[in-house]
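Beneath this line is the structure, given in structure tokens, with notes to follow.
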Amino acid sequence: MIDRKGFSIRLEQHLIKIYGEVKTTQEIKQLSNDLLEFVESKIKKDPFKIVNSLEKWSENDVILISYPDSIIEEKRKPLATLKKFLDKHCVNMISIVHILPFFPSSSDRGFSVEDYYSVNKNFGSWDDIKKISQKFSIMGDVVINHGSSKSKWFENFVSGSGPGSTYFLTADNNLDLSSVTRPRTSKLLSKVETVNGEKYVWCTFSEDQVDYDFENFEVLKEFISIISFYLDNGISVFRFDAVAFLWKKIGSSCVNLPETHEIVRLFRTVIDYLSPSAILVTETNTPARENVTYFGNANEAHWIYNFSLPPILIYTVLKGDSSYLEKLTMSLPPAQLGAAYLNFIASHDGIGLRPSEGMLSKNEIKKLISKMNENGGEVSYRTNKDNKKAPYEINISLFDAMQETFTGNKDFHFERFLCIHIIMLSLEGVPAFYIHSLFGTKNDHNLYAKTNRKRDLNRHVFKIDSLKEIIDDENNHGSFIFYKLKSLIAIRKKQKAFHPNAVQFTLHLGKNFYGIWRQSLDKSQSIFCITNVTNKDREFPLMDINLIGFDQWKDLITNEAISDIHSKITLKPYQTIWVSNK
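29 is the number of the first residue of the sequence shown in my numbering; add one for each residue after it.
Spelled out as structure tokens, the structure:
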């Protein structure tokens with residue numbers, strides 16, 4: 029942990045790299061002094077407390093992803109209902125709750141923020157957030173790339189005065205912007221009539237989501253203020269939404285630019301200084317080779333999303349061929365101490381396809397899309413550099429995604445669904461479950477028909493009485509899945525070899541089996557995680573893995589001892605074994 033002098037030096041170094049081309053040395057020095065004074069005015073806790081990076085997270089950490097109103101009931105605000113559900117069912121299961129945007133918002137299910145300092149009154153209040161934070165760490169979204177065109181800041185931009193009036197990015201409509209990487213098919217520039225005349229504002233995601241201008245130092249300062257405010261209100265994990273698009277440079281792709289990385293480093297420095305136990309997460313839905321750069325040299329994100337995992341894991345199991353997942357886990361570098369992967373398979377968004385680039389061929393992506401369409405899903409598109417539509421993500425509930433293999437086999441639906449989650453729980457990193465994965469929720473075609481938003485297929489809203497019926501009915505598939513996952517998580521939490529930074533080595537076991545070896549940081553525990561990724565019984569020779577003869581081995585999932593390490597064992601379709609010496 030750095031002291032005040034070290035912090036001051038780092039701030040200036042960051043600002044030189046961010047603004048060196050647009051500001052003088054003296055201007056940057058003044059900005060650095062202003063920022064130091066501003067940050068120190070926000071400190072509420074001892075900034076010099078040392079936190080061991082290995083103690084910030086452990087095998088006990090599991091994330092739940094939920095909208096503030098994924099569960100509703102009459103006469104109670106949704107955040108209070110969410111707390112009620114968490115307290116009753118998740119205290120010993122979940123450690124971190126990612127509550128998706130709960131701010132006033134004009135579109136994109138919360139990601140077009142009107143006011144970063146308020147909670148949407150329909151959801152509850154900051155008191156509700158603080159109450160949840162008493163038992164769970166809270167991950168909150170820092171929607172840093174863009175804000176709502178209905179916000180007060182944007183109103184001030186249009187009127188030419190007041191807070192936010194200089195926050196938004198404009199561009200010349202005659203510029204050649206064909207090199208800009210797009211995540212959507214909407215127009216990049218949107219015309220706005222302002223008091224200063226006609227302006228074209230930059231809109232990476234939609235006309236209602238206007239990008240901020242981070243060349244303006246005041247924007248950077250505002251978001252530091254927002255982060256400090258969140259810390260004071262119970263948020264300790266910060267998800268930087270769409271951060272890859274932050275900095276724009278005409279003639280470039282405007283994604284993953286050096287200035288963007290430097291801004292992330294600056295926020296990391298500030299967050300570490302304000303609250304050493306807090307965690308910065310970057311949400312960068314890009315190919316794996318680009319995504320991992322947000323680790324920096326253990327000086328950018330604490331956690332990065334493993335965006336390549338969902339499409340590759342799903343493809344692996346639907347094809348019954350482990351080579352795809354094997355290739356992925358072999359290619360991902362181990363996270364340095366002080367950093368970790370955030371593993372997930374489903375979320376509030378779709379199954380991203382850009383992160384599969386280089387791992388799935390175009391024909392394999394088409395094959396995956398076709399099967400997901402057959403399983404009831406939809407596809408969302410983006411505009412590529414040739415100004416043509418390209419598939420961006422698949423919109424489908426994860427349970428329905430698993431209902432049928434590429435060969436049309438519908439048997440073992442539950443087994444496939446559980447299989448992919450057990451693999452996720454095995455991997456290096458922190459596992460995250462979307463709330464609908466806990467219950468095997470199916471596509472919500474009624475909601476999609478009502479809103480015409482493809483992502484809403486996977487955004488069902490539970491009434492709490494209906495959810496209670498699901499959980500309490502042992503014959504309901506949702507109850508079976510919930511308690512099975514809860515049991516697996518409980519087993520995982522007891523294993524030191526499942527620490528997010530424990531050693532991981534990918535095994536070569538042939539295409540029918542996927543396997544990794546995990547070893548605890550103190551080298552006392554080894555776990556061999558072996559999965560049959562096919563729909564047939566398969567014999568697995570234990571001689572293919574290095575089971576040391578002096579140790580006593582058992583399968584943690586079944587709690588069955590392995591008496592003969594030279595024998596063969598039969599794995600049922602989609603079965604996983606966790607063979608451990610502890």
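Yeah, the Cβ is synthetic: ideal placement off N, Cα and C, and Gly gets one too.
Top-ranked residue by Cα proximity to residue i, from the options
i	options	result
residue 63	129, 43 and 445	43
residue 218	209, 354, 197 and 375	197
residue 383	312, 98, 361 and 209	312
residue 454	420, 495, 547 and 400	547
residue 381	242, 420, 212 and 351	420
residue 39	369, 294 and 516	294
residue 392	599, 256, 340 and 52	340
residue 387	190, 423 and 356	356
residue 260	71, 181 and 250	71
residue 225	269, 185 and 91	185
residue 335	460, 504, 559 and 191	460
residue 284	319, 390, 432 and 136	319
residue 131	122, 149 and 124	149
residue 90	535, 372, 567 and 499	372
residue 577	592, 563, 302 and 587	592
residue 114	300, 102 and 98	98
residue 471	376, 228, 161 and 390	376
residue 423	271, 417, 564 and 409	409
residue 324	309, 385 and 338	309
residue 491	607, 104 and 65	104
residue 133	96, 272, 506 and 81	96
residue 348	432, 157, 245 and 166	432
residue 33	60, 51 and 56	60
residue 322	68, 584 and 272	272
residue 118	458, 596 and 511	511
residue 613	263, 281, 174 and 200	Past the boundaries of the shown model lies residue 613; the chain is included only from 29 to 610, so the question cannot be answered.
residue 527	416, 101 and 551	551
residue 555	563, 575 and 338	575
residue 450	568, 232, 221 and 342	342
residue 337	36, 329, 353 and 345	353
residue 111	154, 159 and 135	159
Terminal residues of the alpha helix (DSSP H) in which residue i lies
i	result
residue 62	53-70
residue 409	Run containing residue 409: none in the alpha helix (DSSP H); it sits in the beta strand (DSSP E), 406-411.
residue 186	180-187
residue 606	Run containing residue 606: none in the alpha helix (DSSP H); it sits in the beta strand (DSSP E), 604-608.
residue 392	390-402
residue 554	Element bounds for residue 554: not the alpha helix (DSSP H) but the beta strand (DSSP E), 554-560.
residue 429	426-429
residue 504	Looking at the DSSP string, residue 504 is not in any alpha helix (DSSP H), and its letter there is neither H nor E.
residue 35	32-47
residue 474	473-479
residue 160	154-161
Bounding residues of the beta strand (DSSP E) (the contiguous stretch that carries residue i)
i	result
residue 583	581-583
residue 418	417-423
residue 548	First-last for residue 548: undefined, no H or E at that position.
residue 208	That residue, residue 208, is in no beta strand (DSSP E); it is neither H nor E in DSSP.
residue 218	217-222
residue 94	91-94
residue 175	174-176
Identified DSSP bridge partners for residue i
i	result
residue 167	126 and 265
residue 566	599
residue 531	547
residue 369	332
residue 196	240
residue 590	581
residue 432	In the DSSP output, where bridge partners are listed per residue, residue 432 has none listed.
residue 104	101
residue 84	Answer is none; residue 84 lacks a bridge partner.
residue 379	422
residue 541	560
residue 490	99
Residue i at chain B interface by Cβ criterion, 9 Å
i	result
residue 532	Checking the listed chains, one finds no chain B in this structure; it contains a single protein chain.
Could you give the uninterrupted runs of the beta strand (DSSP E) lying entirely in the region 111-150, keeping only those of 3 residues or more?
124-127
Segments assigned beta strand (DSSP E), at least 3 residues, entirely inside the region 436-469:
458-462
As an exercise, report each continuous alpha helix (DSSP H) stretch of at least 4 residues that is fully enclosed by the region 228-312, in chain order.
245-260 and 286-302
Is it a yes or a no for the region 539-549 touching the region 504-520, going by three-plus beta-carbon pairs under 8 Å?
no
Would you say the region 487-503 touches the region 426-444, given that touching needs at least three Cβ pairs under 8 Å?
no
Return the chain-ordered ranges of every alpha helix (DSSP H) run that is complete within the region 304-357 and spans a minimum of 4 residues.
316-319 and 337-347
So does the region 166-183 actually touch the region 125-144, counting three or more Cβ pairs closer than 8 Å?
yes
Taking 8 Å as the threshold, find out whether the region 295-315 comes into contact with the region 250-259 through three or more Cβ pairs.
yes
Three or more C-beta pairs under 8 Å: does that hold for the region 157-170 against the region 118-129?
yes
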